[in-house]
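The structure appears below as structure tokens.
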Amino acid sequence: MNIGGWLLQQVSWWIPLLLSLAVHEWAHARAAASLGDQTAASQGRATLDPLAHIDPLGTVMLPLLGVPFGWAKPVPVNPSRFSQAISMRLGMVWVALAGPLSNLVLGLLALGAHAVLYGHGNRLLDALSAMTAHLVMLNGLLAVFNLLPIHPLDGSRVVDGFIPDSLSGPWVAFKGAGIIPLGVLLLATELTGYSMFRPVLEWIWMAISAVQG
Amino acid sequence: MSSGSKVRTFAVWVALVVVGVLAWVALEDDRPIDYGSGEQLAADLHGAEVDIIIREDDGFDVYLLDGTSYSVIGEPDPGWNQLASSYGVPIETADDPLVDVAVIAIPVILLLLALVWFGRRMQTRGMGTFTEMRKSRARLLGETVHARFADVAGAEEAKLRLSDIVAWLGEPEKWRKAGVRVPRGILMEGPPGCGKTLLARAVAGEAGVPFFYVSGSEFVEMLVGVGAARVRDMFEEAKKKAPAVIFIDEIDAIGRRRGSGIGPSHEEREQTLNQLLVALDGVEGRGGDIVVLAATNRADILDPALLRPGRFDLHLRIPALDLAAREAALGIHLKGRTLDLSVNLATLAAKTAGWSGAELENLANEATLLSAREAMKTDASAQVRVGMADFESAIAAKKARQPGFDRLDAAMVASASQLVRPDEPIPVRVGLVGGGDVVGRLLWVDAQFIKVETSVEGGPPEARVFPKMQVQSIAADGVLESADPAASADPWAHQTPDLM
Numbered sequence: 148m149n150i151g152g153w154l155l156q157q158v159s160w161w162i163p164l165l166l167s168l169a170v171h172e173w174a175h176a177r178a179a180a181s182l183g184d185q186t187a188a189s190q191g192r193a194t195l196d197p198l199a200h201i202d203p204l205g206t207v208m209l210p211l212l213g214v215p216f217g218w219a220k221p222v223p224v225n226p227s228r229f230s231q232a233i234s235m236r237l238g239m240v241w242v243a244l245a246g247p248l249s250n251l252v253l254g255l256l257a258l259g260a261h262a263v264l265y266g267h268g269n270r271l272l273d274a275l276s277a278m279t280a281h282l283v284m285l286n287g288l289l290a291v292f293n294l295l296p297i298h299p300l301d302g303s304r305v306v307d308g309f310i311p312d313s314l315s316g317p318w319v320a321f322k323g324a325g326i327i328p329l330g331v332l333l334l335a336t337e338l339t340g341y342s343m344f345r346p347v348l349e350w351i352w353m354a355i356s357a358v359q360g
Numbered sequence: 188m189s190s191g192s193k194v195r196t197f198a199v200w201v202a203l204v205v206v207g208v209l210a211w212v213a214l215e216d217d218r219p220i221d222y223g224s225g226e227q228l229a230a231d232l233h234g235a236e237v238d239i240i241i242r243e244d245d246g247f248d249v250y251l252l253d254g255t256s257y258s259v260i261g262e263p264d265p266g267w268n269q270l271a272s273s274y275g276v277p278i279e280t281a282d283d284p285l286v287d288v289a290v291i292a293i294p295v296i297l298l299l300l301a302l303v304w305f306g307r308r309m310q311t312r313g314m315g316t317f318t319e320m321r322k323s324r325a326r327l328l329g330e331t332v333h334a335r336f337a338d339v340a341g342a343e344e345a346k347l348r349l350s351d352i353v354a355w356l357g358e359p360e361k362w363r364k365a366g367v368r369v370p371r372g373i374l375m376e377g378p379p380g381c382g383k384t385l386l387a388r389a390v391a392g393e394a395g396v397p398f399f400y401v402s403g404s405e406f407v408e409m410l411v412g413v414g415a416a417r418v419r420d421m422f423e424e425a426k427k428k429a430p431a432v433i434f435i436d437e438i439d440a441i442g443r444r445r446g447s448g449i450g451p452s453h454e455e456r457e458q459t460l461n462q463l464l465v466a467l468d469g470v471e472g473r474g475g476d477i478v479v480l481a482a483t484n485r486a487d488i489l490d491p492a493l494l495r496p497g498r499f500d501l502h503l504r505i506p507a508l509d510l511a512a513r514e515a516a517l518g519i520h521l522k523g524r525t526l527d528l529s530v531n532l533a534t535l536a537a538k539t540a541g542w543s544g545a546e547l548e549n550l551a552n553e554a555t556l557l558s559a560r561e562a563m564k565t566d567a568s569a570q571v572r573v574g575m576a577d578f579e580s581a582i583a584a585k586k587a588r589q590p591g592f593d594r595l596d597a598a599m600v601a602s603a604s605q606l607v608r609p610d611e612p613i614p615v616r617v618g619l620v621g622g623g624d625v626v627g628r629l630l631w632v633d634a635q636f637i638k639v640e641t642s643v644e645g646g647p648p649e650a651r652v653f654p655k656m657q658v659q660s661i662a663a664d665g666v667l668e669s670a671d672p673a674a675s676a677d678p679w680a681h682q683t684p685d686l687m
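If you read the sequences in order, they're chains Z and H.
If you want the working numbering, it's the position in the first sequence, counting the first as 1, plus 147.
If you want the working numbering, it's the position in the second sequence, counting the first as 1, plus 187.
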């Protein structure tokens, strides 16, 4: 591999990642604002501007170092400022779901764009179609990964909303372990080489090759 | 979201996409898109159609003589490279040594940058603020202080003593040659608002030396050692500007008698005090011509070590203003204002018995404000003339606000049980601020406090709560005598030590 290829690999994955994370955090902030909580909006987070959501370590360092994992600055949510129309529990579920849902929508849009842009033999269109393909893969993965019911991820907030009282004890204990379960999962994925995301990636690939016709 | 940030967001997205496309166009490797098999490669080699073979990480790129190309993934038939060399087809490697360097170097550089960045943040958060904390908060009020002794009314004796200090600050060498040891510290003691701060400024102003102002409470911090460090820092600063005047206002905040309390905050206060004592000892010894002035209205609770000769060895009592001083003070504060002919300062001074200099300054200001408000009503450009009526109403307004009494001398009750559970109005005798007393009535009592209502003649009824401690003893005739005033003077005297 030459140096250009390496740089290209970094850029062609990092830029779609930046955009996807911005959409994800924007969706959280918008969802909270729609329920009446302006906390994130007042901190300037209800924006699609990626620069507002960048975390220096999680968004810049780690992905550029080649670590297949990253995060953006979390959006602050204050459920006590939700409107009376919705319970705080359900409101938090909706705000948590908004992020992965936005990635699903963005992934589908990118899939459509990829179908249009692919295969014209034009270098500019080829570049755009490659970036849309990367967008599809990243957003599919982000949507699935964030829905995992493990503590800092959005999926755990959904569980928070629906956990029955009888199970809340073990659930709180599980959350009390902090990021350790997630770290173990990611490390195990890395060490065993068996990725639970491989089936997901295969579906995404199937979708992409289907639209490529 | 404002339209400006919308534009910015749009610009960022466009810029990122453009960078991505440009990077792709510029850097996209021109490796073949088609894939071939090992058998195909062997067939092409046998057919002498291969121009060149390039070794890649994941396999080989085969370029044919007719201009087409394909990639072979993985390691095909093991004998293929002998085959290739037997046909004279060159095999080159595409590996750029720069990649090996970049893949290692760029992440390492990023990591180092991150470390530097985090380190800097730590520093500004931790160490930076800590060293900042140890800095003295004494403020240097300019090389030239404009206050003069003439601006201070009354306190004639204090002015006389302080003028010696002024003379010494002017030419310390001359006085030292004459063998005079001037006081290192001067403690000014007096009721609130009697002009202690103004006097200190006037010393610096008359001598024309820098004036460092600090409040005793500014040395007090939870962190042990910070207060002491600030004392050191303040004296270092002052020494650089010597001769200079340091003024410590409300010195009782740090100068309270040592050993009167338990707990870390007391320890910190005592360390600060110790440092102050040492600094006072060293002022002359280390060649700094510095005079330390301190002010308090609680000289009784100061540590004896502060008061011994060599530290604050000159005590000046600044008394409450007497009649002549009040007249002088009013004259000073009304300087530059147009007075009506009806205004008689001597009469005003007589009407303001017990007022402090600060209160007189306030009176002058209030009266001017009243007359100005009146003048503005009719004509905005009218000249403001302060009349006697303005002073009268300002005095009346202040007296209405002022509590008529602040001291409970005795409570007269029929029996001691009345103080525990009164069943009828109980008359009490109440001492007035300006002397004299008046009878009021007891509103309620509980375990620690009693509430008394009274009305000074002409004024509205006032109610105040007193600690029961002040009316401890009951005389045989049913009169509750006031407790020892000295005992109740120091509110700390009765306080149980705070255990932390």
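Beta carbons: idealized from backbone N, C-alpha and C, even for Gly.
DSSP three-state assignment for residue i, whether helix, strand or coil
i, result
"Asp-509 (chain H)", "coil"
"Val-306 (chain Z)", "helix"
"Gly-360 (chain Z)", "coil"
"Glu-236 (chain H)", "coil"
"Leu-503 (chain H)", "strand"
"Asp-468 (chain H)", "helix"
"Arg-443 (chain H)", "strand"
"Arg-417 (chain H)", "helix"
"Lys-638 (chain H)", "strand"
"Thr-206 (chain Z)", "helix"
"Val-283 (chain Z)", "helix"
"Phe-398 (chain H)", "strand"
"Leu-629 (chain H)", "strand"
"Met-563 (chain H)", "helix"
Under 7 Å from the C-beta of residue i: neighbouring residues of chain H
i, result
"Ser-356 (chain Z)", "Here the premise fails: no neighbours, minimum Cβ distance about 15 Å."
C-beta neighbour in chain A for residue i, strict 7 Å
i, result
"Met-208 (chain Z)", "Of the chains in the structure shown, none is chain A; the protein chains are Z and H."
Buried or exposed (CB count within 10 angstroms, at least 16 for buried), residue i
i, result
"Pro-491 (chain H)", "exposed"
"Arg-368 (chain H)", "exposed"
"Ala-361 (chain Z)", "This structure does not reach residue 361 (chain Z), given that chain Z is present from 148 up to 360, and the question cannot be answered."
"Glu-226 (chain H)", "exposed"
"Gly-315 (chain H)", "Only weak support is given to the placement of Gly-315 (chain H): the predicted model assigns it a pLDDT of 48, under 50, and the value that follows is read from those uncertain coordinates. Result: exposed."
"Glu-437 (chain H)", "buried"
"Met-421 (chain H)", "buried"
Chain H contact residues for residue i, given Cβ-Cβ distances below 8 Å
i, result
"Ser-90 (chain Z)", "Outside the displayed span of chain Z (148 to 360) sits residue 90 (chain Z), for which this structure offers no information."
"Gly-323 (chain Z)", "Result: empty, since nearest Cβ-Cβ is about 27 Å, beyond 8 Å."
"Leu-211 (chain Z)", "Ile-293, Pro-294, Leu-297"
"Leu-271 (chain Z)", "Val-208, Val-212"
Spatial distance of residue i from residue j (CA atoms)
i, j, result
"Glu-546 (chain H)", "Gly-380 (chain H)", "7 Å"
"Asp-307 (chain Z)", "Leu-295 (chain Z)", "13 Å"
"Phe-399 (chain H)", "Ala-431 (chain H)", "8 Å"
"Ala-213 (chain H)", "Asn-269 (chain Z)", "14 Å"
"Tyr-222 (chain H)", "Gln-359 (chain Z)", "18 Å"
"Leu-264 (chain Z)", "Asp-273 (chain Z)", "7 Å"
"Ala-301 (chain H)", "Gly-205 (chain Z)", "11 Å"
"His-171 (chain Z)", "Phe-247 (chain H)", "40 Å"
"Leu-258 (chain Z)", "Ala-280 (chain Z)", "7 Å"
"Asp-671 (chain H)", "Leu-630 (chain H)", "Its pLDDT being 44, under 50, Asp-671 (chain H) is placed unreliably by the model, and nothing is read from it."
"Val-207 (chain Z)", "Ile-241 (chain H)", "34 Å"
"Ala-219 (chain Z)", "Ala-289 (chain H)", "26 Å"
Neighbouring residues, chain Z, relative to residue i (Cβ below 8 Å)
i, result
"Gly-207 (chain H)", "Val-158, Ser-159, Ile-162, Pro-163, Ala-274, Met-278"
"Val-249 (chain H)", "Within chain Z, no residue comes near Val-249 (chain H); the closest Cβ sits about 18 Å away, beyond 8 Å."
"Val-303 (chain H)", "Neighbours of Val-303 (chain H) on chain Z: none; closest Cβ ~12 Å, over 8 Å."
Contacts of residue i in chain H (Cβ-Cβ under 9 Å)
i, result
"Pro-197 (chain Z)", "Thr-196, Val-199, Trp-200, Leu-203"
"Gly-360 (chain Z)", "By Cβ distance, chain H contributes nothing, its closest Cβ being about 16 Å from Gly-360 (chain Z), past 9 Å."
"Leu-166 (chain Z)", "Trp-200, Leu-203, Val-204"
Residues that residue i contacts on chain Z, provided the C-beta gap is smaller than 7 Å
i, result
"Leu-480 (chain H)", "By Cβ distance, chain Z contributes nothing, its closest Cβ being about 49 Å from Leu-480 (chain H), past 7 Å."
"Val-290 (chain H)", "Trp-153"
"Pro-277 (chain H)", "The contacting residues do not exist; Pro-277 (chain H) stays about 18 Å from chain Z at best."
**Request:** For the stretch 504 to 538 of chain H, enumerate the residues whose C-beta is nearer than 7 Å to any C-beta of chain Z, in chain order.
**Result:** Flagged: no residues at all.
**Message:** If the cut-off is 7 Å on Cβ atoms, which residues from the stretch 330 to 351 of chain Z count as contacting chain H, listed in chain order?
**Reply:** Of all residues in the stretch 330 to 351 of chain Z, none has a Cβ within less than 7 Å of some Cβ in chain H.
**Message:** To be precise: take each residue of the stretch 350 to 374 of chain H, compare its Cβ to all Cβ atoms of chain Z, and keep it if any distance is under 9 Å. Which residues remain?
**Reply:** So the list is empty, because no residue satisfies the distance condition.
**Request:** With 9 Å as the limit, tell me which residues of the stretch 377 to 391 of chain H have their beta carbon closer than that to any beta carbon of chain Z; keep them in chain order.
**Result:** Residues: none.
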